[in-house]
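The next block holds one structure in the form of structure tokens; read it before the comments.
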Ligand code: NAD
Ligand code: IPM
Ligand code: MN
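In the UniProt record's numbering, the protein residues as written are 1 to 351.
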């Protein structure tokens, strides 16, 4: 049956980098049908909301979704639930893509582009598994209010249920099984009830489903430190929604640039995967044609591997990005001067 990839370019550099990925898709998987829709600020401008019910329904009906990025100063003053970011969160929640895989992989050619010394990052290959549809991002109650004493306050609720921790832990264990077999689960069990609960549940799931995978626990602040001290100690890092967000940006810099990091958000069997760069809409460089397209192109690579069952096409992309980087192709964030289009051309030449 014909497969469909839905492009949701979004805002800022989103359309620039998804256009690059679209070119690659047409070359490595020409029979995949490509559709397009709006999300984020682009959807606010057209429909008044960051994600329409029709766009969500469409996303549910395709095989995979490739999203660029959302957000920007234009929509910064809108109420939180009407911001571009709310469209992305609504999409993640609506698709129930609870397991967000963020691989921090350092290409050989980029070892010297990393902010860490060569010996710390050479051969670096970490998979962060971030819980994506619960925790403090979605917990209730939340709000900004004035209390009985007239003092204003803002609050959010960090909450996880056992099934939510269980399903993402299983994904982390399964992924570790196909890698070096080690999961490091991250929390603040020393100060938060939800952290203590997270650690208890992960431990319980590991006892039943661990099968050969080694589990360790680390406090999230220590993990941030260890990531920049000795990142190669990690194989799979399992984290909640908030810690996974923070740690994956930190891990991104180890690979040379945030413009290199892709992600895959997966749900239960049969759910279309949502694939997106880890970076945002980069308002500071949007419209200049200089964004690094690699994170978007590697997100397509993940879509081909995880949702479209085309490992050969995925391998081709991975190898081509590696070869283009070996040949010296670099956008500005990597210390070069190639435009988005020229970088994409260089990768296409290596396909
Ligand atoms: P950002 O990732 O957009 O930018 C951080 C820095 O990295 C900027 O200097 C930017 O120029 C640079 N950068 C990011 N991607 C790059 C690329 N591909 N090539 C070269 N340089 C790149 O983060 P921010 O500035 O904190 O956020 C900007 C907006 O993006 C906000 O509205 C935020 O909410 C949104 N955001 C969206 C997503 C998403 O859609 N998945 C992710 C993160 C942030
Ligand atoms: C990310 C982003 C999003 C997040 C925002 C834009 C909602 O930072 O995908 O990492 O916090 O999850
Ligand atoms: Mn983030």
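Backbone N, C-alpha and C fix where the C-beta goes; we use that ideal spot for every residue, glycine too.
Less than 6 angstroms separating the Cβ of residue i from some heavy atom of the ligand IPM?
i           : result
residue 131 : no
residue 91  : no
residue 88  : yes
residue 145 : no
residue 245 : yes
residue 85  : yes
Within the continuous alpha helix (DSSP H) that includes residue i, where are the two ends?
i           : result
residue 185 : Here residue 185 belongs to no alpha helix (DSSP H); instead the beta strand (DSSP E) covers 182-187.
residue 292 : First-last for residue 292: undefined, no H or E at that position.
residue 131 : From DSSP, residue 131 is part of no alpha helix (DSSP H) but of the beta strand (DSSP E) over 125-131.
Taking the alpha carbon of residue i as the point to measure from, which residue in the options has its own alpha carbon closest?
i           : options               : result
residue 146 : 140, 138, 155 and 139 : 155
residue 237 : 294, 179 and 293      : 179
residue 279 : 47, 10 and 6          : 10
residue 239 : 165, 139, 255 and 321 : 165
residue 347 : 322, 335 and 334      : 322
residue 80  : 242, 56 and 142       : 142
residue 54  : 15, 94 and 64         : 94
residue 261 : 60, 37 and 300        : 300
residue 202 : 254, 63, 168 and 151  : 168
residue 216 : 173, 96 and 230       : 173
residue 60  : 317, 312 and 269      : 269
Have a look at the DSSP bridge pairing and note the partners of residue i.
i           : result
residue 217 : 185
residue 155 : 143
residue 105 : 125
Nearer than 6 angstroms: is that true of the beta carbon of residue i relative to any heavy atom of the ligand MN?
i           : result
residue 240 : no
Is residue i near the ligand NAD, in the sense that its beta carbon is under 6 angstroms from a heavy atom of that ligand?
i           : result
residue 248 : no
residue 55  : no
residue 43  : no
residue 281 : yes
residue 97  : no
residue 292 : yes
Quick test of your reading: residue i and residue j, contact by CB under 8 angstroms. State the CB separation rounded to the nearest angstrom.
i           : j           : result
residue 113 : residue 256 : 4 angstroms
residue 71  : residue 41  : 7 angstroms
residue 334 : residue 110 : 7 angstroms
residue 250 : residue 227 : 5 angstroms
residue 84  : residue 50  : 5 angstroms
residue 314 : residue 17  : Rounded, the Cβ-Cβ distance is 18 angstroms, inconsistent with contact.
For the beta strand (DSSP E) containing residue i, name the first residue and the last one.
i           : result
residue 98  : Per DSSP, residue 98 belongs to no beta strand (DSSP E) and is neither H nor E.
residue 163 : Segment 162-177 is the alpha helix (DSSP H) holding residue 163; no beta strand (DSSP E) there.
residue 195 : Careful: residue 195 lies outside any beta strand (DSSP E), inside the alpha helix (DSSP H) at 193-209.
residue 236 : 236-239
residue 276 : It is not in any beta strand (DSSP E) - residue 276 carries neither H nor E in the DSSP assignment.
residue 265 : 264-266
residue 44  : Here residue 44 belongs to no beta strand (DSSP E); instead the alpha helix (DSSP H) covers 41-47.
For the ligand ADP, is there a heavy atom less than 6 angstroms away from the beta-carbon of residue i?
i          : result
residue 31 : Absence of the ligand ADP from the depicted structure is noted, with the ligand NAD, the ligand IPM and the ligand MN being the only ligands included.
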